[in-house]
Amino acid sequence: MCGIVGVLGSHEVAPILVEALKRLEYRGYDSAGIATVNNGALDRRRAVGKLVNLSDLLVHEPLAGKSGIGHTRWATHGAPSVNNAHPHRVGGVAVVHNGIIENYRELRAELAEQGVHFTTDTDTETVALLTELYLREDPDPVRAAYRTLDRLQGAFALAFLFDGHEDLIVAARKGSPLALGHGDGEMYVGSDAIALAPLTDRITYLEEGDRAAVTRNSVTIHDAQGQQVARPVKRIRRDSARVDKAGHKHFMSKEIAEQPEVIAEAIRRYLPSGETTIRLPDDSLDFSKVQRLTMVACGTAYYACLTAKYWFEQLARLPVEVDVASEFRYREPPVTDGTVALFVSQSGETADTLAALRYCAGKADKIVSVVNVPESSIARESDLALPIHAGVEIGVASTKAFTCQLSVLLMLALKAATDRGTISPEALADHVAALRGIPAMLNLALDQDDTIRAAAQRLSEARDVLFLGRGAMYPLALEGALKLKEISYIHAEAYASGELKHGPIALIDQHMPVVVLAPRDALFDKTVSNMQEVMARKGKVLLISDQDGIDAASDGVWDTIRMPRVHDALTPILYAVPAQLLAYHTAVAKGTDVDQPRNLAKSVTVE
Ligand code: F6R
Numbered sequence: 007m008c009g010i011v012g013v014l015g016s017h018e019v020a021p022i023l024v025e026a027l028k029r030l031e032y033r034g035y036d037s038a039g040i041a042t043v044n045n046g047a048l049d050r051r052r053a054v055g056k057l058v059n060l061s062d063l064l065v066h067e068p069l070a071g072k073s074g075i076g077h078t079r080w081a082t083h084g085a086p087s088v089n090n091a092h093p094h095r096v097g098g099v100a101v102v103h104n105g106i107i108e109n110y111r112e113l114r115a116e117l118a119e120q121g122v123h124f125t126t127d128t129d130t131e132t133v134a135l136l137t138e139l140y141l142r143e144d145p146d147p148v149r150a151a152y153r154t155l156d157r158l159q160g161a162f163a164l165a166f167l168f169d170g171h172e173d174l175i176v177a178a179r180k181g182s183p184l185a186l187g188h189g190d191g192e193m194y195v196g197s198d199a200i201a202l203a204p205l206t207d208r209i210t211y212l213e214e215g216d217r218a219a220v221t222r223n224s225v226t227i228h229d230a231q232g233q234q235v236a237r238p239v240k241r242i243r244r245d246s247a248r249v250d251k252a253g254h255k256h257f258m259s260k261e262i263a264e265q266p267e268v269i270a271e272a273i274r275r276y277l278p279s280g281e282t283t284i285r286l287p288d289d290s291l292d293f294s295k296v297q298r299l300t301m302v303a304c305g306t307a308y309y310a311c312l313t314a315k316y317w318f319e320q321l322a323r324l325p326v327e328v329d330v331a332s333e334f335r336y337r338e339p340p341v342t343d344g345t346v347a348l349f350v351s352q353s354g355e356t357a358d359t360l361a362a363l364r365y366c367a368g369k370a371d372k373i374v375s376v377v378n379v380p381e382s383s384i385a386r387e388s389d390l391a392l393p394i395h396a397g398v399e400i401g402v403a404s405t406k407a408f409t410c411q412l413s414v415l416l417m418l419a420l421k422a423a424t425d426r427g428t429i430s431p432e433a434l435a436d437h438v439a440a441l442r443g444i445p446a447m448l449n450l451a452l453d454q455d456d457t458i459r460a461a462a463q464r465l466s467e468a469r470d471v472l473f474l475g476r477g478a479m480y481p482l483a484l485e486g487a488l489k490l491k492e493i494s495y496i497h498a499e500a501y502a503s504g505e506l507k508h509g510p511i512a513l514i515d516q517h518m519p520v521v522v523l524a525p526r527d528a529l530f531d532k533t534v535s536n537m538q539e540v541m542a543r544k545g546k547v548l549l550i551s552d553q554d555g556i557d558a559a560s561d562g563v564w565d566t567i568r569m570p571r572v573h574d575a576l577t578p579i580l581y582a583v584p585a586q587l588l589a590y591h592t593a594v595a596k597g598t599d600v601d602q603p604r605n606l607a608k609s610v611t612v613e
């Protein structure tokens with residue numbers, strides 16, 4: 007959450023900073039700001055709301071200088087306002103920050119005792135105030151920044167810029183990611199490599215606790231113990247950082263449409279053509295010895311885990327526990343011998359998921375992660391990281407990452423079943439063939455776009471929507487409801503169909519659309535009974551099923567969306583498409599900000 011950037015350039019940096027911030031806007035868009043040093047003098051511009059407001063401001067009040075830092079904010083402490091916007095400047099120092107300074111109240115109290123005056127409601131201001139105080143005792147900016155860093159608790163990525171120093175940015179990371187980019191006589195700092203990709207393909211990832219003094223021609227890094235260290239310079243693929251909409255109106259619709267292609271790639275990476283053996287990056291995971299799988303994640307990634315529980319239990323007969331990271335980490339559950347702990351995260355930086363992983367480290371037999379960003383903290387701190395190959399996901403609402411997570415988790419469940427001898431070669435071959443066929447089926451699902459758009463038009467008039475599903479369609483119902491509420495702001499709930507009559511059925515009346523996810527599988531008849539209970543109370547049912555299911559049960563329903571028939575194990579991946587498109591078109595019909603819905607940020611690096 008919050009994106010930070012820094013440039014020590016050879017040209018004017020204001021436009022470069024704004025461009026880089028554009029690529030970080032997915033991390034938050036409550037306010038934006040930049041600071042530069044020009045002829046030795048520090049100055050800044052800040053604006054509330056999206057980056058475009060800062061760009062407009064810079065037209066009227068340009069900011070000169072070849073050295074600068076920038077920030078796009080997701081508000082944690084203090085309302086979105088110009089005053090609370092970063093960079094925070096006190097005297098000769100300006101600071102941009104991603105994360106939370108947890109001991110800021112104590113630091114504020116200490117500063118207040120010294121007569122220091124506060125002008126913002128933020129935790130970050132304490133960082134600038136402390137640094138300025140230390141600069142008065144010792145004018146060396148690096149020492150002042152490092153002294154400040156020693157006082158900070160919590161999770162942060164920080165970049166400091168100093169009055170009178172045109173060739174210096176101090177950068178630090180603890181809990182939040184930070185990358186350094188190497189140019190020719192230029193240096194860059196950014197929350198992720200995507201922000202820096204057009205500037206350079208040579209990246210150094212700072213490690214936990216690292217702090218760096220960066221100049222145009224040098225980087226000096228010290229680790230958490232104060233030892234000077236060398237961190238490798240890695241080459242990133244610039245095409246992996248392409249962030250255009252490819253003709254789509256929104257990133258979300260582009261990312262929904264990309265699913266057949268990226269899932270095909272994910273499958274290819276784990277299932278070489280002609281084989282039925284699932285290949286992991288190494289051979290270190292043998293499920294025959296595993297007694298329990300503990301899966302932990304947040305949000306959409308958590309729903310991917312809930313879905314995978316059905317696969318691991320049914321296919322591999324493996325006991326599975328699934329939890330949201332924010333609950334898991336503080337419950338301090340026992341992690342018994344024989345446990346594999348599996349963490350799923352698109353960004354690989356979600357603070358609660360990372361904390362849960364660290365809780366399991368040293369307790370679980372193995373830490374495995376399923377991530378989209380291979381260089382992320384969660385990937386790096388795992389014994390085995392399984393990339394999902396979804397490519398960069400920009401839309402704040404996760405779509406292609408979800409279905410790629412599902413695909414990788416299904417392949418992992420098949421490997422578990424093979425290792426444990428719980429699947430016959432024929433059944434394995436069936437599953438593998440169905441997996442290889444899923445991209446084509448996803449294309450057929452995408453072909454239903456017009457029908458789904460029409461249904462969404464009607465849904466957009468609802469105040470509340472219910473989603474129902476049984477078996478692995480239950481987590482998908484949860485995901486459908488989450489997608490709808492986060493981008494259309496329509497209140498949506500999901501229930502396991504069988505739970506309906508235990509309470510939620512009281513909500514049903516003629517105003518309540520109920521989306522029923524029901525492929526014609528072994529549980530179909532049960533779900534249809536629950537659907538009848540809804541219709542008997544005048545609820546408006548939108549049935550998503552295959553042709554057989556629609557033929558059997560569409561009498562009296564409000565609307566239907568037809569999916570192709572696929573292997574039962576594959577339905578969660580396929581039915582994700584209509585759930586996503588329904589939310590997308592509803593949001594478009596309502597005119598909300600689809601790619602950047604209010605109050606959200608893509609990378610949740612605070613707990
Ligand atoms: C919803 C969504 C979020 C994320 C959650 C976890 O569309 O995107 O619920 O799934 O914040 O994020 P990651 O997967 O990055 O750990």
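Numbered according to my numbering, the sequence shown terminates at residue 613, and the numbering increases by one at each position without gaps.
Just so it is clear, CB atoms sit at the ideal spot from N, CA and C, and this is done for glycine as well.
Predicted model only: the values in this text are computed from it and were never measured.
1. From which residue to which residue does the alpha helix (DSSP H) around F334 run?
2. Identify the residues that DSSP records as bridge partners of M193: which are they?
3. In the DSSP output, which residue or residues are listed as bridge partners for D49?
4. So if DSSP puts D552 in a beta bridge, which residue, or which two residues, is it bridged to?
5. Go ahead and pull the three-state DSSP assignment for H77.
6. Closer than 6 Å: is that where the CB of Q120 sits relative to any heavy atom of the ligand F6R?
7. Per DSSP, F124 forms a beta bridge with which residues?
8. Got a sec: does the ligand F6R put a non-hydrogen atom nearer than 6 Å to the Cβ of S353?
9. Looking only at its chain, what residues have a beta carbon closer than 6 Å to the beta carbon of L158, apart from the 5 residues adjacent to it on each side?
10. Assign A91 to one of three DSSP states: helix, strand, or coil.
11. To the nearest angstrom, report how far apart L155 and A272 are at their CA atoms.
12. For G344, which residues in the same chain have their Cβ closer than 8 Å to its Cβ, ignoring the five residues on either side in sequence?
13. Tell me whether T306, by its Cβ, gets closer than 6 Å to a heavy atom of the ligand F6R.
14. According to DSSP, what are the bridge partners of M301?
15. Give a yes or no on whether the C-beta atoms belonging to E381 and Y276 are separated by under 7 Å.
16. Does the Cβ-Cβ distance between F334 and A362 come in under 7 Å?
17. Secondary structure at K240, three-state DSSP: helix, strand or coil?
18. Flag this pair as yes or no: are the beta carbons of E399 and E261 separated by less than 7 Å?
19. Looking at T82 and the ligand F6R, is the gap between the Cβ and the nearest heavy atom below 6 Å?
20. What separation, rounded to the nearest whole angstrom, lies between the Cα atoms of L48 and A219?
21. What residue from V330, P340 and T342 has the CA that sits closest to L360's CA?
22. Rank V302, Y309, A314 and L324 by C-alpha distance to the C-alpha of D292 and give the top, closest one.
23. The ligand F6R and T356: does any heavy atom of the ligand fall closer than 6 Å to the residue's C-beta?
24. Return the chain-ordered list of same chain residues with a C-beta closer than 8 Å to the C-beta of K532, the five sequence neighbours on each side being excluded.
25. Going by DSSP, what residues sit across from Y152 in a beta bridge?
26. For T210, does the three-state DSSP call read helix, strand or coil?
27. I'd like the span of the beta strand (DSSP E) that includes R323, first residue to last.
28. Considering Cα atoms alone, identify which of K507, L412, T130 and M447 is closest to R95.
29. Confirm the yes/no value for this check: CB of S404, any heavy atom of the ligand F6R, distance under 6 Å.
30. From which residue to which residue does the beta strand (DSSP E) around F473 run?
31. I'd like to know if the region 529–548 and the region 490–497 are in contact, where contact means that at least 3 CB-CB pairs between them fall below 8 Å.
32. Would you give the residue range spanned by the beta strand (DSSP E) that E499 belongs to?
33. Tell me the rounded alpha-carbon separation between V376 and A303.
34. Here's the rule: buried if 16 or more other CB atoms are within 10 angstroms of the residue's CB, otherwise exposed. What is N605?
35. According to DSSP, is S466 part of a helix, a strand, or is it coil?
36. Is the region 519–529 touching the region 460–473, taking contact as three or more C-beta pairs under 8 Å?
On the basis of the supplied data:
1. Here the question's residue 334 lines up with position 328 in the sequence shown. Residues A331 to R337.
2. As a first step, residue 193 is located in the sequence shown; it is residue number 187 there, counting from the start. Looking at the DSSP assignment, M193 forms a beta bridge with L14 and H188.
3. Translated into positions along the sequence shown, residue 49 becomes position 43. Answer is T42.
4. Residue 552 sits at position 546 when you count from the first residue of the sequence shown. Looking at the DSSP assignment, D552 forms a beta bridge with M569.
5. Residue 77 sits at position 71 when you count from the first residue of the sequence shown. H77: strand per DSSP, three-state reduction.
6. Within the sequence shown, numbered from 1, the residue matching residue 120 stands at position 114. No, the Cβ of Q120 stays beyond 6 Å of every heavy atom of the ligand F6R.
7. The residue labelled residue 124 in the question sits at position 118 within the sequence shown. As DSSP reads the structure, F124 sits in no beta bridge.
8. Reading the sequence shown from its first residue, position 347 is the one you call residue 353. Checking every heavy atom of the ligand F6R against the Cβ of S353, one is found closer than 6 Å.
9. Here residue 158 corresponds to residue number 152 of the sequence shown, with the count starting at 1. So the list reads I107, once near-sequence residues are dropped.
10. One-based indexing of the sequence shown puts residue 91 at position 85. If DSSP states are grouped into helix, strand and coil, A91 belongs with coil.
11. The residue you call residue 155 lines up with position 149 of the sequence shown. The residue you call residue 272 lines up with position 266 of the sequence shown. For L155 and A272, the distance between alpha carbons rounds to 41 Å.
12. Residue numbering aside, residue 344 sits at position 338 when the sequence shown is read from its first letter. Excluding residues within five positions, the ones whose Cβ falls inside 8 Å are K295, V296, Q297, R298 and D371.
13. In the sequence shown, counting from the first residue as 1, residue 306 sits at position 300. Checking every heavy atom of the ligand F6R against the Cβ of T306, one is found closer than 6 Å.
14. For this step, residue 301 is matched to residue 295 along the sequence shown. The partner list for M301 (beta bridge, DSSP) reads V328 and L348.
15. The residue labelled residue 381 in the question sits at position 375 within the sequence shown. The residue labelled residue 276 in the question sits at position 270 within the sequence shown. For the 7 Å CB-CB criterion, E381 and Y276 do not form a contact.
16. Numbered from its first residue, the sequence shown carries residue 334 at position 328. Numbered from its first residue, the sequence shown carries residue 362 at position 356. Cβ atoms of F334 and A362: closer than 7 Å.
17. As a first step, residue 240 is located in the sequence shown; it is residue number 234 there, counting from the start. Strand.
18. One-based indexing of the sequence shown puts residue 399 at position 393. One-based indexing of the sequence shown puts residue 261 at position 255. Taking 7 Å as the Cβ cut-off, E399 and E261 qualify as a contacting pair.
19. Working through the sequence shown from its first residue, we reach residue 82 at position 76. No, since every heavy atom of the ligand F6R falls outside the 6 Å radius drawn around the Cβ of T82.
20. Mapped onto the sequence shown, residue 48 falls at position 42. Mapped onto the sequence shown, residue 219 falls at position 213. Spanning the two alpha carbons is a distance of roughly 18 Å.
21. Residue mapping note: residue 360 aligns to position 354 of the sequence shown, counting from 1. Taking only the C-alpha atoms, the option nearest L360 is V330.
22. In the sequence shown, the residue the question calls residue 292 occupies position 286. Its Cα nearest to that of D292, the residue L324 stands out among V302, Y309, A314 and L324.
23. Looking up residue 356 in the sequence shown gives position 350. Correct: T356 has its Cβ closer than 6 Å to the ligand F6R.
24. Taking the sequence shown and counting its residues from 1, the one referred to as residue 532 is at position 526. Excluding residues within five positions, the ones whose Cβ falls inside 8 Å are R476, S503 and G504.
25. On the sequence shown, position 146 is the one that residue 152 refers to. For Y152, which the question treats as bridged, DSSP gives no partner whatsoever.
26. Counting from 1 along the sequence shown, the entry for residue 210 is found at position 204. Strand.
27. Here residue 323 corresponds to residue number 317 of the sequence shown, with the count starting at 1. No beta strand (DSSP E) holds R323; DSSP gives it neither H nor E.
28. To locate residue 95, count along the sequence shown from 1; it is residue 89. The residue with the shortest Cα to Cα distance from R95 is T130.
29. Along the sequence shown, read from residue 1 onward, the residue named residue 404 stands at position 398. Yes, the Cβ of S404 comes within 6 Å of a heavy atom of the ligand F6R.
30. Along the sequence shown, one-based indexing puts residue 473 at 467. Residue range D470 to G475 is occupied by the beta strand (DSSP E) that includes F473.
31. The answer is no - the region 490–497 does not touch the region 529–548, with fewer than three Cβ pairs under 8 Å.
32. To locate residue 499, count along the sequence shown from 1; it is residue 493. Per DSSP, E499 belongs to the beta strand (DSSP E) from H497 to A502.
33. Against the sequence shown, residue 376 aligns to sequence position 370. Against the sequence shown, residue 303 aligns to sequence position 297. Going by the C-alpha atoms only, they are around 10 Å apart.
34. Start at 1 with the first residue of the sequence shown, and residue 605 comes out as number 599. It is exposed - the Cβ of N605 has fewer than 16 other Cβ atoms within 10 Å.
35. Working through the sequence shown from its first residue, we reach residue 466 at position 460. Note: S466 maps to coil in three-state DSSP.
36. yes
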